[in-house]
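Trainee: Quick one: the structure is below, and I'll ask about it shortly.
Residue numbers (the numbering used here): 1074 to 1179.
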C-alpha cells in the first residue's frame, strides 16, 4: 500500500474574492510533499484566468492517519492568502463486537 504524504487543495475565486470554491485538482494526492510543491506552479497557471483567481496549497498528511482525516477547512483571506488544514474529528465510531451496533465516543 502506498502512503499519502500530501494533499493538494485548489480554490478558485472571483477577482474580488467574494465567491470562492474548491476546485478538483488534476492529481490531489502525492506520496511526497516535495512532489506536491512542484505541481503548484502548473496548477495555478491552469486554473487562473482573466476573471478568476486561483490559490493552491499542499497540506502535509501523516501516513499513520491518512485514512482518518475527515475535515478539510480553508479560508481565503482579504490579502489573497489561502489558509487550510486537514484534521481528524474528535468523534470516534466503533462497533460493539457482540451486537454489531455502532457506539459513538466523544
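Just so it is clear, CB atoms sit at the ideal spot from N, CA and C, and this is done for glycine as well.
Are there 16 or more other CB atoms within 10 angstroms of the CB of residue 1130, so buried, or fewer, so exposed?
Mentor: The residue is buried, with at least 16 neighbouring Cβ atoms inside 10 Å.
Trainee: Measure the C-alpha to C-alpha separation of residue 1087 and residue 1093 and round it to an integer number of angstroms.
Mentor: C-alpha separation (whole angstroms): 7 Å.
Trainee: Check whether the Cβ atoms of residue 1077 and residue 1117 lie closer than 7 Å to each other.
Mentor: Not in contact: residue 1077 and residue 1117 (Cβ atoms no closer than 7 Å).
Trainee: Taking residue 1113 as part of the alpha helix (DSSP H), name the residues at either end of that continuous run.
Mentor: Start and end: 1106–1120.
Trainee: What separation, rounded to the nearest whole angstrom, lies between the Cα atoms of residue 1177 and residue 1144?
Mentor: Residue confidence for residue 1177 is low, a pLDDT of 46 falling below 50, so the modelled location carries little weight; the figure read from the coordinates is stated next. Whole-angstrom Cα-Cα distance: 18 Å.
Trainee: Give the C-beta separation of residue 1159 and residue 1142 to the nearest angstrom, bearing in mind that I take them to be a contact with Cβ-Cβ under 8 Å.
Mentor: Going by Cβ atoms, the distance from residue 1159 to residue 1142 rounds to 5 Å, so yes, they are a contact pair.
Trainee: So residue 1113 and residue 1098 are in contact, right, with Cβ under 8 Å, and what is the actual spacing, rounded?
Mentor: Not confirmed; about 10 Å, so no contact.
Trainee: Just checking my contact of residue 1133 with residue 1079 at CB under 8 Å: how many whole Å lie between their CB atoms?
Mentor: About 6 Å; that satisfies the 8 Å criterion.
Trainee: Taking the alpha-carbon positions, what's the residue 1119 to residue 1128 distance?
Mentor: Computed Cα separation, rounded: 11 Å.
Trainee: What does a CB cutoff of less than 7 Å around residue 1106 pick up in its chain, not counting 5 residues either side in sequence?
Mentor: Result list for residue 1106: 1078, 1079, 1131, 1133, in chain order.
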